[in-house]
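S.K.:
Number of protein chains: 2
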Amino acid sequence: MRIALDAMGGDFAPAVPVAGAVEALADLPESSEILLVGRTKDIESALAKAGGPKKGLRIVEAPEVVEMGDKPLAAIRSKPNSSIAVGLNLHKRGEADAFISAGNTGAVMAASTIMLRLHEGVDRPAIGTAFPTGQKPVLVLDGGANVDCSPRELFGFARLGAVYARDVLGRPQPNVGLLNIGEEPEKGNLAAKEAYQLLNGATQFRFIGNIEGGDVLSGKCDVVVCDGFTGNVVLKFYESVARLFKELFGRELDASVLESAGVKKAFRVLDYSEYGGAPLLGVRGVSIICHGRSSARAIKNAIRVAVQSVQNNLSDHVGAEFASSASHKAAV
Amino acid sequence: MRIALDAMGGDFAPAVPVAGAVEALADLPESSEILLVGRTKDIESALAKAGGPKKGLRIVEAPEVVEMGDKPLAAIRSKPNSSIAVGLNLHKRGEADAFISAGNTGAVMAASTIMLRLHEGVDRPAIGTAFPTGQKPVLVLDGGANVDCSPRELFGFARLGAVYARDVLGRPQPNVGLLNIGEEPEKGNLAAKEAYQLLNGATQFRFIGNIEGGDVLSGKCDVVVCDGFTGNVVLKFYESVARLFKELFGRELDASVLESAGVKKAFRVLDYSEYGGAPLLGVRGVSIICHGRSSARAIKNAIRVAVQSVQNNLSDHVGAEFASSASHKAAV
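Residue numbers (the numbering used here), protein chains in the order written: chain A, 8 to 339; chain B, 8 to 339.
1) For A:G289, name the three-state secondary structure that DSSP assigns.
2) Listing by chain order, which chain A residues have their CB less than 8 angstroms from the CB of B:D155?
3) According to DSSP, simplified to helix, strand and coil, what is B:T210?
4) I need the straight-line Cα distance from B:R342 to B:V264, nearest angstrom please.
5) Can you give the Cα-Cα distance for B:S39 and B:G269, rounded to whole angstroms?
6) When DSSP builds the beta bridges, which residues end up paired with B:F162?
7) Specify the secondary structure class of B:V230 as computed by DSSP and reduced to three states.
8) Any residues in the stretch 244–271 of chain A with a beta carbon nearer than 9 angstroms to a beta carbon of chain B? Which ones, in chain order?
9) Which class does B:L32 belong to by DSSP, given the choice of helix, strand or coil?
10) Using 8 angstroms for Cβ pairs, my map puts B:L186 next to A:G220. What's the rounded Cβ distance?
11) Could you please give the first and the last residue of the uninterrupted alpha helix (DSSP H) stretch that includes A:D49?
12) Is the beta carbon of A:A105 closer than 8 angstroms to that of A:A11?
13) Determine the closest residue to B:P192 out of B:N182, B:T210 and B:L205, with distance taken between C-alpha atoms.
14) Rounded to a whole number of angstroms, what is the C-alpha to C-alpha distance between A:A28 and B:R258?
15) Output the distance between the C-alpha atoms of B:A118 and A:N217, rounded to the nearest integer angstrom.
16) For B:S301, count neighbouring C-beta atoms within 10 Å of its own C-beta (all shown protein chains included) and say buried if the count is 16 or more, exposed if not.
17) If you scan the stretch 48–125 of chain A from start to end, which runs of the beta strand (DSSP E) of 3 or more residues do you find wholly inside it?
18) If the criterion is Cβ atoms closer than 8 angstroms, does the pair B:D149 and B:D222 meet it?
19) Taking C-alpha atoms, which residue in A:L288, A:A262 and A:L95 lies nearest to A:V147?
20) With a cut-off of 8 angstroms on the beta carbons, I'd call A:S89 and A:V115 a contact; round off their distance for me.
21) Could I get the ranges of all uninterrupted alpha helix (DSSP H) runs contained in the stretch 300–339 of chain B, with 4 residues as the minimum, in chain order?
22) Tell me which residue opens and which closes the beta strand (DSSP E) that B:F274 is part of.
23) Does the beta carbon of B:A273 come closer than 8 angstroms to any beta carbon on chain A?
24) Take B:L277 and list the residues in its own chain whose beta-carbon comes closer than 6 angstroms to its own, dropping the five residues that flank it on each side.
25) So, do the stretch 74–82 of chain B and the stretch 310–319 of chain A have three or more beta carbon pairs nearer to each other than 8 angstroms?
26) Spell out whether any CB of chain A is found under 8 angstroms from the CB atom of B:E219.
27) Helix, strand or coil, according to DSSP, for A:F138 in the structure here?
28) Whole angstroms is fine: what's the gap from B:R9's alpha carbon to B:E102's?
29) Quick one: grab the DSSP three-state call for B:E259.
30) Quick one: what does DSSP say B:S38 is sitting in, helix, strand or coil?
31) Whose CA, out of B:G292, B:K62, B:A198 and B:E190, lies closest to the CA of A:D155?
32) Report the three-state DSSP secondary structure of B:L176 (helix, strand or coil).
33) How would you call B:L181, buried or exposed, if buried means at least 16 neighbouring beta carbons within 10 angstroms?
34) Contact defined as beta carbons within less than 8 angstroms: I believe B:S67 pairs with B:L42. What is the distance between those atoms, to the nearest angstrom?
35) Between which two residues does the beta strand (DSSP E) harbouring B:N182 extend?
36) Quick check: what's the CA-CA separation for B:V129 versus A:R100?
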């Protein structure tokens, strides 16, 4: 297996992606390879600091870098040799089985959609974000790829999320909930009301109905469906609450308690880096988007997510799920 | 001053509203009165358990009760003698200066809007919810009164929130942020993009631009504007995160640490009951909506919020804010 990793992406590139790749090596399937895509010299010097070249790591030159502040579409057009474009091309040509980046999210989304293209029948790709809970994580999508969503698109997110929950999160019969402001079918905004009706007829997964904001972390659902505006706001809000709690406890607790195994464990549950990157679901292939502030540990976990996605044929399964409806539509 | 309190509203009525009223008495301005609205017998027996009749408490009979599961509009029509209707009528007739209820939120909203009516120029009323932060609370609105919002309505929420922040939260020059998925003006869904342009021309408050989900609790803003769908989801999500943290820490920490003053203080910051009820802004009068699960302490704090709103002429100020634009519109 070969994973293409954008070595120039993220707030601490190339040091963090390179360190994450080094950490990931031990857990990779045999004869796997991580392709570090970016400026060779920069990667070499980061690699030297991370212990020198390793078996299983290979550098692929990409002279250009999409900056975090670049406009996504303009950057893709004006920088055809960026680490994002070169990495995605490796994946598209079959020289890599997956692509991972902690770079400019908008650019990674747009380039993945344009270069890998969507599976037939998929209207819009969606970002699947794993929210930590007290038990197993819950997949919330869309995490921000689409702001104004039609009922049909929300239904599509449910189908994408259900396949991912089965293939990568290990939930054979995923429960899907629609994020709303009340449990009754007639609640919510226009899109949610219509989406409820579509979801209610689904046979591919168990639709448990509307859920409220307070149910997201309750364990009721494996997959929570919402538009990308709401998903993105809640995702970023959640991260900030974890920070607020650390601040409050840091202010009130003795260092000995803060450093205790129990407190550390409680905070680790809420640490996004444990959960790796978020897949862009619906594209032909495996494209994993990481937070710009990702740590080496987060990159390592994103590589694990990519490996699981490839091993479990995520992309084929998404294709099959939507191909059936595409041919059904054609037959109608 | 007279405050009408729905003694039959909430999951633990009438015991909790009555206990909250008793607790509030000590802090009320002199010669104030709390009118306990509901079934006299039930209130009398709750009052007996809370230490017997008190100076400053008066029972006003209302034989009917709107149940939590009732359809709001149907309940208002079919139960004209409910504690909600009788309490709001007291306020409308000037026999009470404010109304408070922890009952069926939809029914309280609808009845307040229909019976008190909106100030001229106000398109839609909004629920202003105070989110606890590490520092002072931030007002998020709309908290769920309106699901699909026009840009003009979002602009209206900002104006309502700014008046409340000044009059009740003590922020002479409130900072207002628009909740969005990126800071740039061109980010967001259709309503947010247009609302940005309206807000950007505002002179009544300081518009600080778009804020992301992670900024809500940061202290950047006194007022955060969003549609009621997003606001309601985030509000309920926040409550559930506080519960999750308590669960995680309860599992990991020794009882001695959990019971320590520091940990208790940290959790108290995140306790909604500290902040009392949420005002329904835009109506002619003061109508405060409390959580169905409100404790006596939450009711007590809602009474404090009502008193502050009356003392600072909140309703007149809202009227003045919108009257100027109504006459401006008429002149144009």
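Even for Gly, the Cβ is constructed at its ideal location relative to N, Cα and C.
M.R.: So, from the listed chains and residues:
1) Residue numbering aside, residue 289 of chain A sits at position 282 when the first sequence is read from its first letter. Reduced to three states, the DSSP call for A:G289 is coil.
2) Along the second sequence, one-based indexing puts residue 155 of chain B at 148. Within 8 angstroms Cβ-Cβ: N196 and L197.
3) Taking the first residue of the second sequence as position 1, residue 210 of chain B is located at position 203. In this structure, B:T210 counts as coil in the three-state DSSP scheme.
4) What the structure shows of chain B is the stretch from 8 to 339, and residue 342 of chain B is not part of that stretch, so it cannot be assessed.
5) By 1-based counting over the second sequence, the position of residue 39 of chain B is 32. By 1-based counting over the second sequence, the position of residue 269 of chain B is 262. The alpha-carbon of B:S39 is positioned some 36 angstroms away from that of B:G269.
6) Position 155 of the second sequence, counted from the first residue, corresponds to residue 162 of chain B. Paired residue(s): none; B:F162 is not in a bridge.
7) The count along the second sequence starts at 1 and reaches residue 230 of chain B at position 223. B:V230 falls in the strand class under three-state DSSP.
8) Here the close residues are F244, Y245, E246, S247, V248, A249, R250, L251, F252, E254, L255, F256, R258, E259, L260, D261, V264, S267, A268, G269, V270 and K271.
9) Translated into the one-based positions of the second sequence, residue 32 of chain B becomes position 25. Helix, per DSSP.
10) Along the second sequence, one-based indexing puts residue 186 of chain B at 179. Along the first sequence, one-based indexing puts residue 220 of chain A at 213. Taking C-beta atoms under 8 angstroms as the contact rule, B:L186 and A:G220 fail to qualify, at a distance of about 14 angstroms.
11) Here residue 49 of chain A refers to the residue found at position 42 when the first sequence is read from its first residue. A:D49 -> alpha helix (DSSP H) spans T47 to K56.
12) In the first sequence, residue 11 of chain A corresponds to position 4, counting from 1. In the first sequence, residue 105 of chain A corresponds to position 98, counting from 1. The criterion of a C-beta distance shorter than 8 angstroms is satisfied by A:A11 and A:A105.
13) As a working note, residue 192 of chain B is residue 185 in the second sequence. Out of B:N182, B:T210 and B:L205, B:L205 has the C-alpha closest to the C-alpha of B:P192.
14) Residue mapping note: residue 28 of chain A aligns to position 21 of the first sequence, counting from 1. Residue mapping note: residue 258 of chain B aligns to position 251 of the second sequence, counting from 1. One C-alpha to the other measures close to 34 angstroms.
15) Residue 118 of chain B sits at position 111 when you count from the first residue of the second sequence. Residue 217 of chain A sits at position 210 when you count from the first residue of the first sequence. Approximately 26 angstroms between the Cα atoms of the pair.
16) As a working mapping, residue 301 of chain B is identified with position 294 in the second sequence. Per the 10 Å Cβ criterion, buried.
17) Fully enclosed beta strand (DSSP E) runs of 3 or longer: 64–68 and 105–108.
18) In the second sequence, the residue the question calls residue 149 of chain B occupies position 142. In the second sequence, the residue the question calls residue 222 of chain B occupies position 215. Contact: no.
19) Here residue 147 of chain A refers to the residue found at position 140 when the first sequence is read from its first residue. The option with the nearest alpha carbon to A:V147 is A:L288.
20) Working through the first sequence from its first residue, we reach residue 89 of chain A at position 82. Working through the first sequence from its first residue, we reach residue 115 of chain A at position 108. At roughly 10 angstroms, the Cβ-Cβ gap does not stay under 8 angstroms, so A:S89 and A:V115 are not in contact.
21) 303–318 and 321–338
22) Numbered from 1 along the second sequence, position 267 holds the residue referred to as residue 274 of chain B. For B:F274, there is no enclosing beta strand (DSSP E); the residue is part of the alpha helix (DSSP H) that begins and ends at A268 to V276.
23) Here residue 273 of chain B refers to the residue found at position 266 when the second sequence is read from its first residue. At least one chain A Cβ lies under 8 angstroms of B:A273.
24) Indexing the second sequence from 1 puts residue 277 of chain B at position 270. The residues are P139 and A249.
25) Result no; under three Cβ-Cβ pairs closer than 8 angstroms.
26) Walking along the second sequence from the start, residue 219 of chain B turns up at place 212. So yes, B:E219 belongs to the interface.
27) In the first sequence, residue 138 of chain A corresponds to position 131, counting from 1. In the structure shown, A:F138 sits in a strand (DSSP, three-state: E or B).
28) Counted from its first residue, the second sequence places residue 9 of chain B at position 2. Counted from its first residue, the second sequence places residue 102 of chain B at position 95. Computed Cα separation, rounded: 7 angstroms.
29) Start at 1 with the first residue of the second sequence, and residue 259 of chain B comes out as number 252. Residue state, collapsed to three classes: helix.
30) Residue 38 of chain B sits at position 31 when you count from the first residue of the second sequence. Reduced to three states, the DSSP call for B:S38 is coil.
31) Walking along the first sequence from the start, residue 155 of chain A turns up at place 148. Of the candidates B:G292, B:K62, B:A198 and B:E190, the one whose C-alpha sits nearest the C-alpha of A:D155 is B:A198.
32) Here residue 176 of chain B refers to the residue found at position 169 of the second sequence. Correct three-state label for B:L176: coil.
33) As a working note, residue 181 of chain B is residue 174 in the second sequence. As written in the sequence, residue 181 of chain B is Pro, which differs from the Leu given in the question. Buried, since its Cβ has 16 or more Cβ neighbours within 10 Å.
34) Position 60 of the second sequence, counting from 1, holds the residue named residue 67 of chain B. Position 35 of the second sequence, counting from 1, holds the residue named residue 42 of chain B. Note that residue 67 of chain B is Val in the sequence shown here, rather than Ser. Sure, about 5 angstroms apart at Cβ, within 8 angstroms.
35) The count along the second sequence starts at 1 and reaches residue 182 of chain B at position 175. Per DSSP, B:N182 belongs to the beta strand (DSSP E) from N182 to L186.
36) Position 122 of the second sequence, counted from the start, is the residue given in the question as residue 129 of chain B. Position 93 of the first sequence, counted from the start, is the residue given in the question as residue 100 of chain A. Those two C-alpha atoms are separated by around 58 angstroms.
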